[in-house]
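Numbering (my numbering), first residue to last: 268 to 600.
Here it is, written out as C-alpha cells:
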C-alpha cells in the first residue's frame, strides 16, 4: 500500500492540480522579516516578488549584487499577481556564497546585526547537475556542499533568532523551509544518502550528477525532519518541499534534450514554484501538523519517498546526518 501511495504521489508531483493557495491568500506581512537564499532568479525571484508586493521585509541572499539589482528592477516593474495595489515592503541584499563556508559567518553576522526578528527562512538556493567532479571551496561535492552543508551552517547561526521570534509571534507563523525536489526520490540506496562516502571520494567510478543531486535533495529533507524534532515544541515549523519541475537556470548544466525537448513537456513557469514555497510559508495546514511536513506542487501536503521515510523512521538517518554536519561545520562557527 505504501508503494502504491508513493507512486501516485510522485505522479501527482509531476502533474499537479491547479494551485488553491495563491498570492491573494497571503496575509498582511508588514513588519515581518523574511530570508530567501537564491532569491535573485527562478522560483526564489517569484517568491520575493510576492513577499515584497505584500509588504514584507525581504532579505535576498546570494553571490552577485548585480544579479540582485536586476531582480529588484524586475520585481518593482512587475507586481505579483493580484497584489498591484497593496503596500510595498522592502528588499535588501545579503552577500553569501554557499559554495564557500567561510562566507557564511560574516553574512549571518551582518544579518543578525540589522534585524531583530526572522519570521521565515527559505533555504531555496541550489545547484543542479554541474559537471561531474565539481567541488566547493572546502572540497565537498558541489551540490552536497551548496545545497546541504552551507544551508545547515547558516541555520546554526539563524536558529536562535527564529527561536526568539517564535516567543512572541502567532503560533505556527515562524517557519524554516528547506527546499528539496522530486529528485529526492532518486537518491542512492538504501535510504537516499551514501553515508559511507557522501562525497564519493573513494568510489571507483564517479556517479552521475543526477544521483548526487538527488542525494543532496534527500539531505535537505533529512535536515528539515531532524530540525523539526529539535524545535517543533519551541514554536518553529520545519518543512521541506518540492517546488515543482520548473523552467529556471537550474537546468543550465543539463543537456539539450532535457532542456529543450523534455523541458517543454514537463517544466512549468517559475511562478507556480513560488506558490508552492508560499504555501509552505503561510498556509494553515502545515501548522496543524506536529513536527515535519513535506509539501508538493503547487501547495499540498505530500508523501516522502518510501525508502527515505524508512530511513528516517527506522534507522534515524536524520539524526545521523545532523551529527555529521554539526561536527563538520563546528570549525566555521
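Beta carbons: idealized from backbone N, C-alpha and C, even for Gly.
Local Cβ density within 10 Å of residue i, reported as buried at 16 or more and exposed below that
i           : result
residue 419 : buried
residue 380 : exposed
residue 528 : Low confidence applies to residue 528: its pLDDT is 47, below 50, so where it sits in the model is not reliable, and the reading given next is rough at best. So residue 528 counts as exposed.
residue 437 : exposed
residue 274 : exposed
residue 282 : exposed
residue 518 : Only weak support is given to the placement of residue 518: the predicted model assigns it a pLDDT of 43, under 50, and the question is left unresolved by the model.
residue 533 : exposed
residue 280 : buried
residue 456 : exposed
residue 406 : exposed
residue 392 : buried
residue 582 : exposed
residue 547 : buried
residue 576 : buried
residue 478 : buried
residue 476 : buried
residue 491 : buried
residue 271 : exposed
residue 590 : exposed
residue 284 : exposed
8 Å Cβ cutoff met for residue i and residue j
i           : j           : result
residue 571 : residue 535 : no
residue 481 : residue 451 : yes
residue 302 : residue 388 : yes
residue 289 : residue 542 : yes
residue 374 : residue 404 : no
residue 331 : residue 414 : no
residue 326 : residue 378 : yes
residue 429 : residue 371 : no
residue 363 : residue 342 : no
residue 308 : residue 338 : yes
residue 409 : residue 397 : yes
residue 316 : residue 600 : no
residue 553 : residue 511 : no
residue 399 : residue 348 : no
residue 286 : residue 592 : no
residue 558 : residue 496 : yes
residue 485 : residue 459 : yes
residue 304 : residue 365 : yes
residue 346 : residue 549 : no
residue 443 : residue 494 : yes
residue 487 : residue 449 : no
residue 545 : residue 314 : yes
residue 462 : residue 594 : no
residue 537 : residue 312 : yes
residue 360 : residue 335 : yes
Enclosing beta strand (DSSP E) for residue i [first to last residue]
i           : result
residue 388 : 387 to 390
residue 379 : Not the beta strand (DSSP E): residue 379 falls in the alpha helix (DSSP H), residues 371 to 381.
residue 297 : No beta strand (DSSP E) contains residue 297, which DSSP labels as neither H nor E.
residue 359 : 357 to 362
residue 561 : 560 to 563
residue 507 : 503 to 508
Unbroken alpha helix (DSSP H) run spanning residue i, endpoints
i           : result
residue 591 : 584 to 596
residue 660 : Beyond the ends of the chain as shown, which are 268 and 600, falls residue 660; an answer cannot be given.
residue 497 : 476 to 498
Cβ distance (whole Å) where residue i is taken to contact residue j below 8 Å
i           : j           : result
residue 321 : residue 350 : 6 Å
residue 585 : residue 508 : Not quite, the Cβ-Cβ distance comes to about 16 Å (not below 8 Å), so this is no contact.
residue 382 : residue 300 : 5 Å
residue 416 : residue 560 : In fact, because the Cβ distance is near 23 Å, the residues do not count as touching under 8 Å.
residue 291 : residue 319 : Not confirmed; about 15 Å, so no contact.
residue 421 : residue 385 : About 11 Å; that fails the 8 Å criterion.
Any chain B beta carbon closer than 8 Å to residue i
i           : result
residue 423 : In summary, chain B is missing from the structure at hand, where a single protein chain is found.
(request) Could you tell me which uninterrupted alpha helix (DSSP H) segments, each at least 4 residues in length, are contained entirely in the stretch 299 to 342, listed from first to last along the chain? (result) 309 to 320
(message) As an exercise, report each continuous beta strand (DSSP E) stretch of at least 3 residues that is fully enclosed by the stretch 423 to 455, in chain order.
(response) 441 to 446
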